[in-house]
Amino acid sequence: MTYAVVYASATGNTKMLAEEIRRARGEEICVYFGTAGAEIPEADLVFAGFWTDKGDCSEELAQFLDSLHGRKVFLFGTAGFGGAEEYFACILERVKGHLASDNEVVGTYMCQGRMPQSVRARYEGMLQQNPEDERMKAMIENFDRALEHPDQEDLERLRLAVEKL
Ligand SMILES: Cc1cc2nc3c(=O)[nH]c(=O)nc-3n(C[C@H](O)[C@H](O)[C@H](O)COP(=O)(O)O)c2cc1C
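Residue numbers (my numbering): 873 to 1037.
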């Protein structure tokens, strides 16, 4: 079964997942590996990867998903906020919304991904202005947890998900 891996990754987290998929499935039957925008050859299975941008995938990946018809698609992505499967499920529903109904989603996977240090600095600034802001404290805690991800366990879970397809 041939496959293509098409991803958008601004800071490298989603690219790590894309590389794990290629390792798991083998290079021989990979017809395309790279970012969206190029001409993608026909493949039996399309792995489409996204980083979460305001609760959805980024525009370039949305455009790519929009162009797919009659394909088997495995969606994978990373998000800065982790820990809740419901949150991931919500994002995935939105991302699936970019796919025409003649495609088949054969699987999904999401994990947390680290965010740039500038984000923490912004949170810190807001906490300084309002030191009792519990929500901001939680955001900083989440930021620090995200620094570890994607970790080996995230990659292993992804590998298991794509090997069984
Ligand atoms: C402009 C911008 C918007 C973001 N929006 C969200 C969001 O709505 N929800 C979320 O969980 N993470 C959000 N993030 C965090 C990224 O999705 C996360 O760090 C992701 O792992 C980045 O993946 P990449 O390294 O492949 O680009 C946002 C990051 C940026 C820069």
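A virtual CB, placed ideally from N, CA and C, is assigned to each residue, including glycine.
Just so we're clear, the structure is a prediction, and the values are computed from it rather than from any experiment.
Contact test: residue i Cβ vs ligand 1 heavy atom, cutoff 8 Å
i, result
"Asp-925", "yes"
"Ala-908", "no"
"Ile-893", "no"
"Ile-1012", "no"
"Gly-997", "no"
"Ala-951", "yes"
"Thr-874", "no"
"Thr-980", "no"
"Gln-989", "no"
"Tyr-959", "yes"
"Gly-884", "yes"
"Gly-955", "no"
"Gln-984", "yes"
"Ile-901", "no"
"Ala-920", "no"
"Ile-912", "no"
"Ser-881", "yes"
Contact set for residue i: own chain, Cβ-Cβ below 8 Å, skip 5 residues either direction
i, result
"Leu-999", "Asp-1005, Met-1008, Lys-1009 and Ile-1012"
"Val-991", "Gly-952 and Phe-1015"
"Ala-896", "Leu-1030, Arg-1031, Val-1034 and Glu-1035"
"Asn-885", "Trp-923, Thr-950, Gly-985, Arg-986, His-1021 and Pro-1022"
"Tyr-995", "Met-1008, Met-1011, Ile-1012 and Phe-1015"
"Asp-975", "The displayed chain sequence assigns Asn, not Asp, to residue 975. Excluding sequence neighbours, Asn-975 sits near Leu-940, His-941, Gly-942, Arg-943, Lys-944 and Val-945."
"Leu-964", "Leu-947, Gly-949, Thr-980 and Met-982"
Residues near residue i in its chain [Cβ-Cβ closer than 7 Å; skip 5 each side]
i, result
"Asp-916", "Met-873, Thr-874, Tyr-875 and Lys-944"
"Leu-933", "Ala-880, Ala-908, Ala-920 and Phe-922"
"Ser-930", "Ala-880, Phe-922 and Trp-923"
"Pro-988", "Thr-883"
Helix, strand or coil at residue i [DSSP, three-state]
i, result
"Leu-947", "strand"
"Glu-886", "It should be noted that the sequence gives Thr, not Glu, for residue 886. Helix."
"Leu-933", "helix"
"Asp-1016", "helix"
"Asp-938", "helix"
"Asp-1026", "helix"
Cut-off 6 Å between Cβ atoms - residues of its own chain near residue i, not counting five sequence neighbours on either side
i, result
"Leu-1027", "Glu-892"
Mind listing, in chain order, the continuous alpha helix (DSSP H) runs of no fewer than 4 residues lying wholly within the segment 953–1012? 957–968 and 989–1001
Can at least three beta-carbon pairs, one atom from the segment 896–911 and one from the segment 876–886, be found at a separation below 8 Å? yes
Length-filtered (3 minimum) beta strand (DSSP E) runs lying within the segment 876–921: 902–907
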